[in-house]
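Notes to accompany the following structure.
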Amino acid sequence: MSATASRSWSASTCPAGRRSGRCGGTRASDCARAPRVGCGALAANVPLIPRPFATFEGDSVAIEQKITTLSNGLRVLTSTIPTAQSAAVAYFAGIGSRGEDPRTNGLSHYLEHMLFKGTTTRPTAQLISQAIEGAGGNLNAYTTHEITCYWNSVPFEAAGTGIAVVADMIQHSLLSQEEIDRERTVVQQEIRRGHDNPGQWVGELLGKATFGDQPVGWPVAGSIETVEALNRPDFAAHMDSYYTASNSVFSVAGNVEHEQVVELAQAAFGNLPQGQASSVVGAKHGLPPEHVIVEQRELEQTQIALSMQALPRRDPDRYALEILHTILGRGMSSRLFEEVRERRGLAYSVGSRVSRFQDIGSFTVSAGVTRAQQEEALQVIVEQLHKITDEPVAADELTRAIDYAAGSFRLSFEAPMSYGQRFGEQLLQDGQLEPVDETVAKIRAVTAADVQRVAKRVIAPGEYAIAVVGPSATEDRLAQILAG
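This note's numbering numbers the first residue of the sequence shown as 23 and each following residue consecutively.
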């Protein structure tokens, strides 16, 4: 169970992060993983640089996707993968922290925790987990600014159990005040843990710096104070308003048949009230007055995060933004990694991130640096942002970025849960599905002119928000650097 704030991250979560060594191993022998050859004559006959494989032509594995709307308005989506050994079951409610007010900030995430605490059918948390884990599966949930998802993954023959457990949690949760009080401390400890993690906390501060005091800028998990004040009537009202058929999507992916899933969903969710789809308060655009936030801490490393307001979910330029993001900050061949880390040695981890909401988004660069190198690192980052707006991307760099983005997108669909969650979210938030091959085709259609045009849309010199956690220059000095 987690509060997945779309912007909360650590600089170490960039593609080059989470590594003890350059390539992820803890020993020198773990790095590179290049083919090794023996000694003597055999070695002389082995080319040092292997020839590339021929490009294979063909289509993706056929995944049949169907949607049926039940009589109460619940949309049931299946992604049938005949070769899968599992079934990924996911229920999505169209509500997250953007649907909260200052008093109830954190309610969606807190409620997500509570639905695991017992139902009228399975009155304890242990019975809920045993139902799934007893089949060899696993279960969890996540909350974002705009949705809440409850999911489990089970062997395909146990799909009926997976469906029944989720439906039970959604409709028959006990929400006992005793459990609410007990879990309150758990949620508050989760918030404290985030505060103690500089890489995560800088993301929370950056939300405030980028969007200001509005729901899209608030933390998904809320605060210690707001969580302390929430009680059973708040949870019950929240469920009555938002956990309704018209505001939900039920998605199952894996070795399943659509008609059978619909039959099971009708039996499990047929009594879910119809309700109506929720809407969020429109985001205010433009940088807030407090867009430079520094939290001085005695740390060995300073976490910096720089952000710009960017494109919403359905913006036609989202594919070009993905290529811009890839060129600047995805992987060890990105511009920021090459310039900030490889060429200058200013950071261990540096990367970029794109976050998209219904009506707004953000583009972010983050890095972990020493205090002595903070200003130089920030100057280099700003220079790279300006460069990509001023100079067209070279053809070979564009090709590499497109191949990276298209390839990594395909690789993200190796597991049934990837289909279940991505397309469940897509159906709920966009009202339609975009097949994998269609997305890949749109990525591959991006031109250098598209990248530069989108860079000019998103990157406006001086229009940056920044958050810093650790030993840092003053807010005034950081503002001077950002101004160029």
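Even glycine gets a Cβ: it sits at the ideal position worked out from N, Cα and C.
No experiment lies behind these values; they were computed from the predicted model shown.
Report the CB separation of residue i from residue j in whole angstroms; it is logged as a contact under 8 Å.
| i | j | result |
| --- | --- | --- |
| Ala109 | Gly184 | 6 Å |
| Leu96 | Phe445 | Not a contact, Cβ separation roughly 16 Å. |
| Val402 | Thr324 | Going by Cβ atoms, the distance from Val402 to Thr324 rounds to 15 Å, so no, they are not a contact pair. |
| Ile410 | Leu455 | The pair is not a contact, with the Cβ atoms about 32 Å apart (cut-off 8 Å). |
| Thr386 | Ala437 | That pair is no contact at about 27 Å. |
| Gln318 | Leu358 | Incorrect: roughly 25 Å between the Cβ atoms, too far for contact. |
| Pro145 | Leu196 | 7 Å |
| Asp381 | Ala305 | 5 Å |
| Ser374 | His347 | 5 Å |
| Phe178 | Gln107 | 6 Å |
| Gly140 | Glu212 | No, Gly140 and Glu212 are not in contact; Cβ-Cβ is about 20 Å, not under 8 Å. |
Apply the 10 Å Cβ neighbour rule to residue i and answer buried if 16 or more other Cβ atoms are within range, or exposed otherwise.
| i | result |
| --- | --- |
| Gln331 | buried |
| Arg336 | exposed |
| Gly484 | exposed |
| Leu433 | exposed |
| Asn293 | exposed |
| Pro414 | exposed |
| Glu447 | buried |
| Pro255 | exposed |
| Gly453 | exposed |
| Glu361 | buried |
| Ser32 | Because the pLDDT at Ser32 is just 33, under 50, the model does not fix this residue reliably, and the point stays unresolved. |
| Ser93 | exposed |
| Ala482 | exposed |
| Glu122 | buried |
| Val249 | buried |
| Arg120 | buried |
| Pro334 | exposed |
| Lys478 | exposed |
| Pro338 | exposed |
| Pro457 | exposed |
| Arg214 | exposed |
| Gly43 | For Gly43, the pLDDT reaches just 36, beneath the cut-off of 50, and the residue's location in the model is therefore unreliable, although a value from the coordinates is still provided. Gly43 should be labelled exposed. |
| Glu507 | Given a span of 23 to 506 for the chain in the structure shown, any question on residue 507 remains unanswerable. |
| His307 | exposed |
| Thr142 | exposed |
| Tyr486 | buried |
| Met261 | buried |
| Asn269 | buried |
Taking the alpha helix (DSSP H) that residue i belongs to, which residues open and close that run?
| i | result |
| --- | --- |
| Thr469 | Per DSSP, Thr469 belongs to no alpha helix (DSSP H) and is neither H nor E. |
| Gly446 | Pro438 to Asp452 |
| Met191 | Ala181 to Gln193 |
| Tyr264 | Arg254 to Tyr264 |
| Gly276 | Per DSSP, Gly276 belongs to no alpha helix (DSSP H); it is in the beta strand (DSSP E), Ser270 to Gly276. |
| Tyr341 | Arg340 to Gly351 |
| Phe431 | Ala417 to Leu433 |
| Val316 | No alpha helix (DSSP H) contains Val316, which is instead part of the beta strand (DSSP E) from Val314 to Glu317. |
Closest by CA to residue i, which one among the options?
| i | options | result |
| --- | --- | --- |
| Pro237 | His167, Phe257 and Asp256 | His167 |
| Ala467 | Lys478, Val490 and Ala428 | Ala428 |
| Trp173 | Phe114, Ser434, Pro124 and Ala489 | Phe114 |
| Leu500 | Glu398, Asp190, Gly156 and Ser273 | Glu398 |
| Glu312 | Lys230, Ser388, Phe435 and Ser430 | Lys230 |
| Pro295 | Glu205, His217 and Gln193 | Gln193 |
| Phe379 | Ile103, Met23 and Gly118 | Gly118 |
| Thr91 | Gln288, Glu497 and Glu320 | Gln288 |
| Val376 | Gly121, Gly225 and Lys88 | Gly225 |
| Arg393 | Gly492, Glu86 and Gln502 | Gly492 |
| Val271 | Ser494, Leu228 and Ala189 | Ala189 |
| Ser101 | Ser93, Asn94 and Lys88 | Lys88 |
| Ser329 | Gln318, Glu279, Arg319 and Ser388 | Ser388 |
| Asp472 | Thr142, Arg340, Arg144 and Leu504 | Arg340 |
| Glu273 | Ala181, Gln148 and Leu346 | The sequence shown places Ser at residue 273, rather than the Glu named in the question. It is Ala181 whose Cα lies nearest to the Cα of Ser273. |
| Thr461 | Gly244, Ser374, Gln395 and Glu344 | Glu344 |
| Glu155 | Cys171, Ser175 and Lys139 | Ser175 |
| Val316 | Leu228, Asp203, Ser374 and Lys306 | Leu228 |
| Phe431 | Arg352, Gln395 and Leu161 | Arg352 |
| Pro104 | Gly276, Ile424, Gln396 and Val284 | Gly276 |
| Trp240 | Asn127, Asp498, Val372 and Ile503 | Asn127 |
| Leu400 | Ile503, Ser198 and Ile150 | Ile503 |
| Ser384 | Ile488, Ala416, His217 and Tyr264 | Ile488 |
| Phe435 | Val372, Asp459 and Asp418 | Asp459 |
| Ala186 | Asp412, Val283 and Ala243 | Val283 |
Does any residue of chain D have a CB that is nearer than 9 Å to the CB of residue i?
| i | result |
| --- | --- |
| Glu485 | No chain D appears in this structure, which consists of one protein chain only. |
Please report the residue range of the beta strand (DSSP E) in which residue i lies.
| i | result |
| --- | --- |
| Trp223 | No beta strand (DSSP E) contains Trp223, which is instead part of the alpha helix (DSSP H) from Pro220 to Phe233. |
| Val376 | Val372 to Arg378 |
| Thr102 | Arg97 to Thr102 |
Inset, instruction - Please determine if the segment 146-166 and the segment 222-239 are in contact, where contact requires at least 3 C-beta pairs separated by less than 8 Å. - result: no
Inset, instruction - Examine the Cβ distances between the segment 295-304 and the segment 126-135 and report whether three or more of them are shorter than 8 Å. - result: no
Legend entry - Cβ contact check for the segment 353-373 and the segment 433-450: 3 or more pairs under 8 Å: no
Inset, instruction - Specify whether the segment 134-154 and the segment 197-210 touch according to this definition: at least 3 beta carbon pairs, one from each stretch, less than 8 Å apart. - result: yes
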